Every structure is written in C-alpha cells, then in structure tokens.
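To start, the structure under review is shown below, and the notes come after it.
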Amino acid sequence: MTEHVEWSDPENAAAPASAAVTPADAADAARLVAFGLQPKLQPARDHEYADLLRRYREDPPFGRLADAVATGLGLVVLEVSPRAGMAVTAAEDSVFAVRMGDYARRTSADSGDRFLHGLAHLAVAALAFPRPEDLADDGYIGRVTVNGVDAFVRQACRRLEERAEEQGENTDPATDAPGLEAAWRIWARRSATGATKDARRLAGSTTGIVAKAVAFLTDSGFLQRTGDDNGGTYRTTARYQLQVRDMAGSAAMAELLELGIVPVTDGSATLLPAEDADDLDLVADAGLPFHS
C-alpha cells in the first residue's frame, strides 16, 4: 500500500504567497535604482530614498531584486549605504556608459583633444586619492583645484620627458602625425590659459580642459565645489571614492602615481616644485567614469 503524503503538512508546505515577488516590489526596486541614477540626490534629504535603502539592507530578497534590476540595465552596484546611497556605475555595454570620445566632442570642437580630457580626469583621480589608504578610508575626503591639477600634469610631463630622454626615445614626433604623440607631450605644448590679452581661460587651454573635467564630475555627483580660489576648489564625495576604487587598478593611473610627484604628509596632496617652476604656478592641495 502506497503511503499517502499530506502536502498540507507544515514541514512540506510551499512558501506563502506573500513571499512571492509582486509588481509593487519590482516597482520599488526599480525606484531605488532610479534614485541611484541621480548622483546628486542625498538619502538623508529624501525619506523615500532612505526607506528603500533601509529595505535593501534589511530585506535580502528585495536587495537581490534591486541588484537584478540594476544588472538588467547594464549597471554595476558599487555600494548601497546611507553615505553613498545606491552607488552604481555603468558597465561597458550599458546604455548609460559615457565614452571619452563622446565626452570630448561635447566639451571641445576638436575631438582629437579626447586624450587631454582623459588625462585631466586621470589626474584629478590620482591627486584626489594619492595613496591606497585614502581609497580604503571611507572617511577620507580629497581636495583638488583646477590650477593644481594642471600644475600636477605639467610636473608629470617633465618627469615623463626626462624618462623618455634617458631611454633614448623620440621626444619630438612628426608634426603631421599627432596621433603618434603621447598625451603628455600634447599637454606640455598646450597653453595653460590661452592667448588672450587678459589671460582669460580658453576652452582649449589645459586649465580650461581641467575645468570642464571637474564641472562634469560635479554635475555627476562625484565632486562638490567649495570655492573659487586657484581656478576653482573642489572636494570629493563618497560616490567618487567608490568610482576611483573601481578604476584604481588601471595601468595609466598606476603609472601616474609612480612618478612620485604627489607625496602626502598630513592627508592632503602636495606638489614637489620643479627646478624651474616659476612659470607653473604650483598650488598645494590640488587634486574616471569612462569607457574607451
């Protein structure tokens, strides 16, 4: 005689219907991801955002659902916390991905300057977080200035030029083949402010390029403007720290930091003066969300 199994037995009962994902749950998860795509929005200033973040942390199924929504949109969740909100970055194939070529075309008439725009973003990141421990410390706040970033890159240009000469490399490529020039060589030849009589900052000058980079980062919720000194002063946000952590392993950033021109003593970045730095206007406390 076959033993009858009572499917209504509590030990064998299916999960209650209330545990199933509902359209309301999906809507809330999508709403949380939408909040994450508004980088300037702070959870502390939006009760709904804060409530959804709390639910994400306290309700694992809901957290997994929100992660799945983000993944479906081509987003990578970097962190979900009260300090950073739902911090997301775009995967390479995401519709939300920003590519350096597109960024350069939006910010400059000469799309060939994309190398300089990329170098500016790299320099801001390296100068904002010059040490591994700065990236690891959630309480660390980096500070950068427009003039300081330009000075930092020009110092790097000098170091790279010296290294090229020591290795016997061609430091003056053919002028009709600019694509063969390294970005640092182009930067070194570019005027810092422009050629106007009143020394106004031109868009194509190196400080103009840095200014566009920090403006973009500010609009993206990665930096906060704190003043007008030295071309503009900025502080980093938790989201930018997470973003730089994500790119910290890049060869370009490692090479820039290995040049050794951002020694840190008290938690703030400083610049070593060059032997003939009178024309560089070096500034203390000067400080990449792109896909190639």
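Numbering (my numbering), first residue to last: 814 to 1105.
Yeah, the Cβ is synthetic: ideal placement off N, Cα and C, and Gly gets one too.
It should be emphasised that the depicted structure is a prediction, and the values quoted were computed from it without experimental measurement.
Residue i classed as buried or exposed, judged by whether at least 16 other C-beta atoms fall within 10 angstroms
i     : result
F909  : exposed
Q980  : exposed
Q851  : exposed
L865  : buried
V846  : buried
G952  : exposed
G885  : exposed
G1040 : exposed
R927  : buried
G950  : Residue 950 is actually Asp in this sequence, not Gly. D950 comes out exposed.
R1003 : buried
R971  : buried
D1042 : exposed
Limits of the unbroken beta strand (DSSP E) element including residue i
i     : result
Q1037 : L1036 to G1040
V937  : Unbroken run through V937 is the alpha helix (DSSP H), R927 to A941; no beta strand (DSSP E).
T1049 : T1046 to T1049
T1020 : From DSSP, T1020 is part of no beta strand (DSSP E) but of the alpha helix (DSSP H) over T1019 to D1032.
V834  : V834 -> no beta strand (DSSP E), and no H or E assigned at all.
A897  : Careful: A897 lies outside any beta strand (DSSP E) and carries neither H nor E.
Inter-residue spacing [alpha-carbon to alpha-carbon] between residue i and residue j
i     : j     : result
E978  : A1001 : 15 Å
P986  : I999  : Because P986 sits at a pLDDT of 47, beneath the cut-off of 50, its placement in the model cannot be relied upon, and the following sentence gives the value as read from the coordinates. Roughly 11 Å separates the two Cα atoms.
I954  : Y869  : 26 Å
P874  : L888  : 19 Å
F942  : F1029 : 18 Å
G849  : A881  : 14 Å
V966  : D1032 : 23 Å
D859  : G876  : 19 Å
E946  : V1057 : 13 Å
S1060 : D872  : The sequence shown places Met at residue 1060, not Ser. Roughly 30 Å separates the two Cα atoms.
L973  : W997  : 8 Å
I1022 : G1034 : 19 Å
A1051 : L854  : 12 Å
R944  : L929  : 23 Å
Nonlocal neighbours in the same chain, by C-beta distance under 6 Å from residue i, ignoring five residues either side
i     : result
P856  : Y862, A863, L866, P895 and G898
P1076 : Low local confidence applies: a pLDDT of 43 at P1076 is under 50, so the model's placement there is unreliable, with the coordinate-based value given in what follows. No residues qualify anywhere along the chain.
V893  : Y869 and M899
R976  : none
Supposed contact pair residue j and residue i - C-beta distance, whole angstroms, cut 8 Å
i     : j     : result
L940  : L1055 : Not confirmed; about 18 Å, so no contact.
V957  : Y1053 : So it is not a contact: roughly 10 Å between Cβ atoms.
A938  : V962  : The pair is not a contact, with the Cβ atoms about 10 Å apart (cut-off 8 Å).
T1049 : L1036 : 6 Å
Contacts around residue i, its chain only, beta-carbon distance under 7 Å, and the 5 residues preceding and following it disregarded
i     : result
D906  : G887
A1005 : D963, S1018, T1019 and T1020
A883  : V846, V890 and V901
R844  : L865
Residues near residue i in its chain [Cβ-Cβ closer than 8 Å; skip 5 each side]
i     : result
L878  : V834, D838, A839 and A842
G1045 : T958, V959, A1024, V1027 and R1038
L948  : F942, Q1054, V1057, R1058 and A1061
G1080 : Residue placement at G1080 is poorly supported in this model, since its pLDDT is 34, which falls under 50; the coordinates still yield a value, given next. Closer than 8 Å at Cβ, skipping near neighbours: D947 and Y953.
For residue i, the first and last residue of its enclosing alpha helix (DSSP H)
i    : result
G961 : V959 to E979
E905 : It is not in any alpha helix (DSSP H) - E905 carries neither H nor E in the DSSP assignment.
Y869 : H860 to E871
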